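Residue numbers (this note's numbering), protein chains in the order written: chain A, 1 to 365; chain B, 366 to 710.
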């Protein structure tokens, strides 16, 4: 794919690593907010190539990991008990709910379908007028425009059998919550490039100024991540705290205004519960009243009792960067990708799953 | 293909329960051309079972095939069912000779679709040089199957020089992949409901037995292991092997052969091609002393045009597969907990 191989050049990677080594003079902790970046760090073996002064902390930017348990239970209930066609992005299927996952619900006979685009779900609703279709609309600001667009399309087509079960989370309030945590020890952030592609950079300036932390909007290819880390380190070493844009080939300062318009049309900002972390004020999107006919939460009166997380899972502490996965008593023991106790062990973007694979290397060497 | 074997005139368009009853309809279906299509002296005896004359060491393998959709770019479930079992026998170092062929059909399967599958089976079997000598057909009620399931069981004669077993693998062995990976899995993905995308990706399904036979003729016992990376892909097979031999395996991202549009499709869906299924590839662990000659010969074969050395066997990290990424970092390659699912973003 053009514009990919250029960002995987081994010679340039070596130069960046050399430059990072030459720049760093003392220990720094950097959080990559986005799960896509965690995935890139692990997939490319970057963590062990970095000088040991640099600790990468894997942030809460894994949509699979932070979707509330109660909502997963609700999706499972809709699929199993209400007979809806439940459409979802692929990696939500294996996330454990309080009793089972969507994959297990599918095995029990629920009609659960993996889609790549929510617009496909609208098509399914059109093709099955006799069935109710619910799209499990999770994700950060990145997936919000397409999810919103599906609602707009459904309304335009006059569909009454389509709705979304929304669990949309926002990055800037999460960064703030992480910094505000007393135990937090993060010196700088790699912000999520794709989120900023939609939303632009403006929300990050006040954060950077108030908390005196460098924030570098960063892409996902190995050279992007390495350059992002270098930019954060340079700021830290010079006691600077600015918002910089490493991903300038994609991200514009103002973001994608058309996409923002679509989001605002359908969604409004609300308080949001993050799995493992708790409620963060003004940190999510809910469906606006004007579109409540397409809001599965309003459409179906489903009472789900709040189920407790697995008592031994410390995913909240991990997603805030306070503890490393291997500091969890059950890491790699009771909790493995084949039997996850919490969501970060499920997705390849989750910090625990990422560490699980990485730790194999430590054992082996 | 249809032109070469036109569908016989039938008084039914779809498969019904009666076609699996063993009664008149079953006979009608088989007599309508199925027996003729696969005709050979053993099958033509129409015995309850096939009478075979086997000599020497024999390999025996079975596999069941289910795929949705049953027709996909580059093939259909029929040739998959022949090639799958033929290749399993070839991986043992055997030349496939006889196949059994069993169908579980779902009521309502269109007869012209079934015929197209039968014709594909015929051609795949002919290409592999294998005879279909016995078979069975059952029909299940609508909703209790997925159009068609096929089981094939194969018998093959072992090549006298074949000594293929993971215990023969040694430190220093070269690991050779016979072609570009992930094509089959991505071809299926490109036509799966909800995930469709426009592409020209075709399944790589093919039989490998002649290719393997020629390699065994040239390199015999220097070939330590042959294995086909079907479900679970290249990564899973390598990890299984590393565990079996209790040695380490090093592979290199930059040498993994993959077609660019397959790589792009994997990027788009967030899938790792190392775990995507292949149906026309094999991995060979060969003695270092012959690895260059092995690769040269393989690259001259139609099934090995894109073959390459992807790794080596090492003493370090026993039981582990370590991949060196394109930028020189290292990571562990492990088995997936289940099916690989497309990521959110």
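Here a beta-carbon is modelled for each residue, glycine too, at the ideal position from N, C-alpha and C.
Treat the numbers as computed from the prediction; the structure is a model and nothing was measured.
- The three-state reading of DSSP puts residue 477 of chain B in helix, counting H, G and I together.
- Counting along the chain, residue 64 of chain A sits inside the alpha helix (DSSP H) bounded by residues 63-66.
- In this structure, the straight-line span from the alpha carbon of residue 593 of chain B to that of residue 31 of chain A is close to 41 Å.
- By the CB criterion at 8 Å, residue 424 of chain B and residue 454 of chain B fall inside the cutoff.
- Our two residues, residue 209 of chain A and residue 253 of chain A, have alpha carbons roughly 17 Å apart in a direct line.
- For residue 263 of chain A, no CB of chain B lies under 8 Å from its own CB, so it is not counted at the interface with that chain.
- For the set A:103, A:106, A:38, A:157, the Cα lying nearest the Cα of residue 124 of chain A is the one of A:157.
- Non-local C-beta neighbours of residue 165 of chain A in its own chain, meaning closer than 6 Å and more than five positions away in sequence, comprise 75, 134, 136, 296, ordered along the chain.
- Residue pairing by DSSP puts residue 58 of chain A in a beta bridge opposite A:32.
- Residue 639 of chain B has a beta carbon lying at 8 Å or more from every beta carbon in chain A.
- For residue 559 of chain B, the nearest beta carbon of chain A is closer than 8 Å to its own beta carbon.
- By the CB criterion at 8 Å, residue 459 of chain B and residue 522 of chain B fall inside the cutoff.
- Where residue 204 of chain A is concerned, the enclosing alpha helix (DSSP H) starts and stops at 204-211.
- By alpha-carbon distance to residue 284 of chain A, the top candidate from A:170, A:346, A:276, A:226 is A:170.
- When the five nearest sequence neighbours on each side are left out, the beta carbons in the same chain lying within less than 7 Å of the beta carbon of residue 212 of chain A are those of 241, in order along the chain.
- Proximity to residue 220 of chain A across A:340, A:11, A:40 peaks at A:40, based on C-alpha coordinates.
- Judged by beta-carbon spacing, residue 46 of chain A lies beyond the 8 Å limit of residue 230 of chain A, meaning their Cβ atoms are not closer than that value.
- For residue 150 of chain A, there is no enclosing beta strand (DSSP E); the enclosing alpha helix (DSSP H) covers residues 144-156.
- For the segment 48-79 of chain A, the set of positions with a beta-carbon nearer than 8 Å to some beta-carbon of chain B reads 48, 49, 63, 64 in chain order.
- Three or more beta-carbon pairs drawn from the segment 463-471 of chain B and the segment 501-517 of chain B are found closer than 8 Å, and the two stretches are therefore classed as touching.
- From the beta-carbon of residue 338 of chain A, the residues of chain B found nearer than 7 Å are 702.
- Here the alpha carbon of residue 487 of chain B sits roughly 12 Å from the alpha carbon of residue 398 of chain B.
- Separation of residue 644 of chain B and residue 571 of chain B (C-alpha to C-alpha, rounded to the nearest whole angstrom) is 7 Å.
- With fewer than 16 other beta carbons inside 10 angstroms of its own, residue 311 of chain A counts as exposed.
- Annotation for residue 225 of chain A: the continuous alpha helix (DSSP H) segment containing it runs 222-237.
- The C-beta distance from residue 507 of chain B to residue 471 of chain B rounds to 6 Å, short enough to fall under 8 Å.
- Contact annotation: in the segment 103-128 of chain A, residues whose CB is within less than 8 Å of a CB in chain B are 103, 113, 114, 115, 116, 120, 124.
- One Cα belongs to residue 331 of chain A, the other to residue 702 of chain B, and the distance between them is close to 16 Å.
- When the Cα atoms are used, residue 199 of chain A and residue 237 of chain A turn out to be separated by approximately 29 Å.
- Contact between the segment 614-631 of chain B and the segment 534-549 of chain B is present: 3 or more CB-CB pairs across the two stretches fall below 8 Å.
- What residue 13 of chain A touches in chain B, judged by beta-carbon distance under 7 Å, is 692, 693, going in chain order.
- Relative to the Cα of residue 649 of chain B, the nearest Cα in the group B:705, B:481, B:544 belongs to B:544.
- Rounded to whole angstroms, the separation of the alpha carbons of residue 276 of chain A and residue 322 of chain A is 13 Å.
- Taking all protein chains in view, the Cβ of residue 245 of chain A is crowded by 16 or more other Cβ atoms within 10 Å, so the residue is classified as buried.
- C-alpha of residue 442 of chain B to C-alpha of residue 436 of chain B: approximately 7 Å in a straight line.
- For the segment 665-699 of chain B, the beta-carbon criterion of a distance under 9 Å to any beta-carbon of chain A is satisfied by 681, 682, 683, 684, 685, 687, 688, 689, 690, 691, 692, 693, 694, 695, 696, 697, 698, 699.
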